Amino acid sequence: MSHRPPRNVTRTLPAKKRIALVAHDGKKDELLEWVGRWQATLAGHQLVGTGTTAERISRQLGLAVEGLMSGPLGGDQQIGARIAEQRLDLLIFFWDPFAPQPHDPDVKALLRLAALWNVPVACNAASADFMVSSPWLDRDYEMNIPDAGAWVSSRTD
Numbered sequence: 001m002s003h004r005p006p007r008n009v010t011r012t013l014p015a016k017k018r019i020a021l022v023a024h025d026g027k028k029d030e031l032l033e034w035v036g037r038w039q040a041t042l043a044g045h046q047l048v049g050t051g052t053t054a055e056r057i058s059r060q061l062g063l064a065v066e067g068l069m070s071g072p073l074g075g076d077q078q079i080g081a082r083i084a085e086q087r088l089d090l091l092i093f094f095w096d097p098f099a100p101q102p103h104d105p106d107v108k109a110l111l112r113l114a115a116l117w118n119v120p121v122a123c124n125a126a127s128a129d130f131m132v133s134s135p136w137l138d139r140d141y142e143m144n145i146p147d148a149g150a151w152v153s154s155r156t157d
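Okay, structure coming up:
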């Protein structure tokens, strides 16, 4: 028996994407600068962010961003829950490779969920540029995701 759920369920990302914007402390200014460059594009989507990042984007750039908890206080898990519930379409997470984070296990869990549920992730300005300039950003996009129901039933048989 495989310990991996089959990827035979289709999910459609809507034309209006639900995009998470997350940045470690050492990367917040860089993310703010990036969001400023893509402000007109991002304004057409539903934005969510953790703690200070969401607050700074809203205040400094005037974009509507739903604010969740700060990452170390559970914001990473809130984003992860949305991924697992298929309520998040893209993750833009500028993480700092030079600063050890007290919540590194949370960050790893978040990235694991994004990989599991086939959610596109950008971890720096270049990958985020490619993601939001994609022709798929403003249209429906069909992708395969794990069949969670089949996986659960196979483990309980």
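full-length UniProt numbering puts the first residue of the sequence shown at 1, with every later residue one more than the last. Glycine included, each C-beta is placed from N, C-alpha and C at the ideal position. These numbers come from a predicted model, not from an experiment.
Item	Value
Cβ pair residue 57, residue 48 closer than 8 Å	no
Endpoints, the alpha helix (DSSP H) within which residue 88 is located	Unbroken run through residue 88: none, as it is neither H nor E.
Local Cβ density within 10 Å of residue 104, reported as buried at 16 or more and exposed below that	exposed
Residue burial classification, residue 114 (beta-carbon count within 10 angstroms, cutoff 16)	buried
Residue 18 versus 92, 59, 38, 28, residue with shortest Cα-Cα distance	92
N- and C-terminal bounds of the beta strand (DSSP E) containing residue 132	Not the beta strand (DSSP E): residue 132 falls in the alpha helix (DSSP H), residues 125-132.
The ligand PLP heavy atom lying under 7 Å from the CB of residue 83	The ligand PLP is absent from the structure shown, which contains no ligands of any kind.
Beta-carbon proximity check, residue 70 vs residue 44, cutoff 8 Å	no
Cβ-Cβ distance between residue 41 and residue 132 below 8 Å	yes
Endpoints, beta strand (DSSP E) assigned at residue 20	18-23
For residue 49, the three-state DSSP class (helix, strand or coil)	strand
Cβ pair residue 60, residue 68 closer than 8 Å	no
Simplified DSSP assignment, three categories, for residue 119	coil
Cross-strand partners of residue 143 (DSSP beta bridge)	11
Rounded C-alpha distance that separates residue 4 from residue 62	43 Å
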